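So the sequence shown is residues 4 to 289, counted in this note's numbering.
Everything on this sheet refers to the single structure shown next.
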Amino acid sequence: MEGIDIPPDWQRVASWILVHRLRTILVLGASDRGKSTFCAYLSFRALHVGVKPALIDADVGQKDLGPPATITLGYPQLDQALAALKPAAMYFVGAVTPIAHLLPMIVGTRQLLDQTTSPLVIVNTSGLISGVGEILKAYKIDAVRPDAIVALAHGQELAPILAAHRHFRIFHLTPSFKAQEKSMELRRQRRLAAFRRYFSEAQEYSLPLDDLIFQRLPVDSDEPRSRLLAPGRLCALADEQQTVLGLALVRDCDPKRGILRVHSPVAAMKVRVVQLGEVILDPADL
Ligand SMILES: Nc1ncnc2c1ncn2[C@@H]1O[C@H](COP(=O)(O)OP(=O)(O)O)[C@@H](O)[C@H]1O
Ligand SMILES: [Mg+2]
4 MEGIDIPPDW
14 QRVASWILVH
24 RLRTILVLGA
34 SDRGKSTFCA
44 YLSFRALHVG
54 VKPALIDADV
64 GQKDLGPPAT
74 ITLGYPQLDQ
84 ALAALKPAAM
94 YFVGAVTPIA
104 HLLPMIVGTR
114 QLLDQTTSPL
124 VIVNTSGLIS
134 GVGEILKAYK
144 IDAVRPDAIV
154 ALAHGQELAP
164 ILAAHRHFRI
174 FHLTPSFKAQ
184 EKSMELRRQR
194 RLAAFRRYFS
204 EAQEYSLPLD
214 DLIFQRLPVD
224 SDEPRSRLLA
234 PGRLCALADE
244 QQTVLGLALV
254 RDCDPKRGIL
264 RVHSPVAAMK
274 VRVVQLGEVI
284 LDPADL
C-alpha cells in the first residue's frame, strides 16, 4: 500500500470489521472520495490476517476489477493488482452509468453476492449518490443487507441516504487529504483504456444468428435487429444457464447469411445468449 495515506479512523474501522468478523461491507461515497482505495486497504488488511476477501465491484464507470459496464466478483491477492485480476464472475449492466439501468445494478450485485462464500465480502459502488442515485443506494442497501456501511463523505453529502438507514451499522469516514478528483475527460480515457485492455486478446468470429437468443432489446423499438446490432455495440455473451462468459463487440450482422460477427476474448463454443448493451465503441479507439 505504498503512497497510500491511511487515516487513523480507516485503520480503526478495518480492525473493527476484522475483529468482529463482519461479513458484508457496503462502501458508499461520491466519486473520488476514496471508495476504491478503502476497498483495497480493507482487502489488504484482511489478507494479512488470513481472511480471503471477495470484492464485488459495482462501479460500472470507473472499474477496479474487470471491464466497464459490468459488475464483477473477484478475489483480491496480495501479489496482484486488481486491474490484472481476472473476475471470477461478471454481470452485464451494458452502460457506464447506473442512470436508467437501476434494475441490472441491483440484480447483478445481489446475484454475485449469492455466488460467493467468502467470510468477508466488500461491495464497492458507483459514485452516483443524489437524484436517482439515492433510490439506487436505498434499494442496494436493501438487496445487500450489509453488516456495515462504510460511508466516505465530505459534510452532509450522504445524509439523505444514511438517514433512511441509520438502524444499520454505519462507519462514517472522512476522505483522505490525498483523495483527488478526476476530470470527466480523464474518466473517459480510463474507461477506454480499460476496454482496450479487456479486448486486447479478442478474436473475431461468427455466430449463427438462428441459434442465438437475444436479450435486452429496447422495449417498443421497431428497429430491425440488424440495425440494433450495429458495428461497435457492446454486448455480453452468456451460456445456456445465462451465466455471462464475457463481453463482445459487434462487427457485423448479416441476416442474409444468418451470421453475427463479433470481436471477443470469449470462446465461441458455449455462447447461446447475447445481451445488448447501450455502449457503442469506435473500433479506432481500441
Ligand atoms: N487514502 C488515500 N491515499 C492516497 N491516495 C488516495 C487516497 N484516497 C484516495 N486517493 C486518490 O484519490 C483518487 C480517488 O480515489 P479513489 O479511491 O479512486 O476514489 P473512488 O473509488 O471513491 O472514486 C485516486 O487517484 C486515489 O489514488
Ligand atoms: Mg472507485
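Note that CB positions come from ideal geometry on N, CA and C, so glycine has one too.
All values reported here derive from a predicted model rather than from experimental measurement.
- The shortest C-alpha to C-alpha distance from Ser34 to any of Phe95, Gly136 and Ala91 is the one to Gly136.
- Distance from the CA of Tyr94 to the CA of Thr75, rounded to the nearest whole angstrom, comes to 6 angstroms.
- Proximity annotation: ligand 1 has residues Ile7, Asp8, Gly32, Ser34, Asp35, Arg36, Gly37, Lys38, Ser39, Thr40, Gln65, Gly130, Ser179, Lys181, Ala182 and Gln183 in chain order, each selected because its CB is closer than 6 angstroms to a heavy atom of the ligand.
- For the stretch 64-114, the full-length beta strand (DSSP E) segments reaching 3 residues or more read 73-77 and 92-95 along the chain.
- A direct Cα-to-Cα measurement between Val147 and Val126 gives close to 9 angstroms.
- Check the Cα spacing between Asp257 and each of His266, Gln244, Gly280 and Ala233: the tightest is with Ala233.
- For the beta strand (DSSP E) assignment, the uninterrupted runs of no fewer than 3 residues enclosed by the stretch 228-285 are, from N- to C-terminal side, 236-241, 247-257, 262-267 and 276-283.
- Around the beta carbon of Ala103, fewer than 16 other beta carbons lie within 10 angstroms, which makes this residue exposed.
- With fewer than 16 other Cβ atoms inside 10 Å of its own Cβ, Ala162 counts as exposed.
- Assignment of beta-bridge partners to Gly32 by DSSP yields Leu155.
- Bounds of the beta strand (DSSP E) holding Pro56 are Pro56 to Asp60.
- Annotated three-state conformation of Ser18 is helix, per DSSP.
- Counting only residues of its own chain and dropping the five nearest sequence neighbours on each side, Phe171 has a CB closer than 8 angstroms to the CB of Ile144, Pro149, Ala151 and Ile152.
- Judged by beta-carbon spacing, Asp8 lies within the 8 angstroms limit of Lys181, meaning their Cβ atoms are closer than that value.
- If only uninterrupted alpha helix (DSSP H) runs of at least 4 residues are considered, those enclosed by the stretch 142-226 are 162-166 and 187-202.
- By a beta-carbon distance limit of 8 angstroms, Leu29 contacts Thr128. Their separation comes to about 7 angstroms.
- Judged by DSSP secondary structure, Leu50 falls within the alpha helix (DSSP H) whose first and last residues are Lys38 to His51.
- Taking a cut-off of 8 angstroms on C-beta distances, the stretch 207-218 touches the stretch 267-281, as three or more cross pairs fall below it.
- Here Thr27 really is in contact with Val124; their C-beta atoms are around 5 angstroms apart, less than 8 angstroms.
- Within the stretch 111-138, the runs of beta strand (DSSP E) that reach at least 3 residues and sit entirely inside it are, in chain order, 123-127.
- Looking at Ala271, Ile138, Arg228 and Arg254, the one whose alpha-carbon comes closest to that of Gly235 is Arg254.
- Inter-residue distance for Leu252 and Thr73 is about 14 angstroms (C-alpha atoms, whole angstroms).
- Between the alpha carbons of Gln206 and Val282 lies a distance of about 19 angstroms.
- Listed in chain order, the non-local C-beta contacts of Ala91 below 7 angstroms within the same chain comprise Leu76, Gly77 and Tyr78, local neighbours out to five positions each way being set aside.
- Nearest neighbour of Leu289 by Cα position, chosen from Ser224, Phe198, Gly261 and Val54, turns out to be Phe198.
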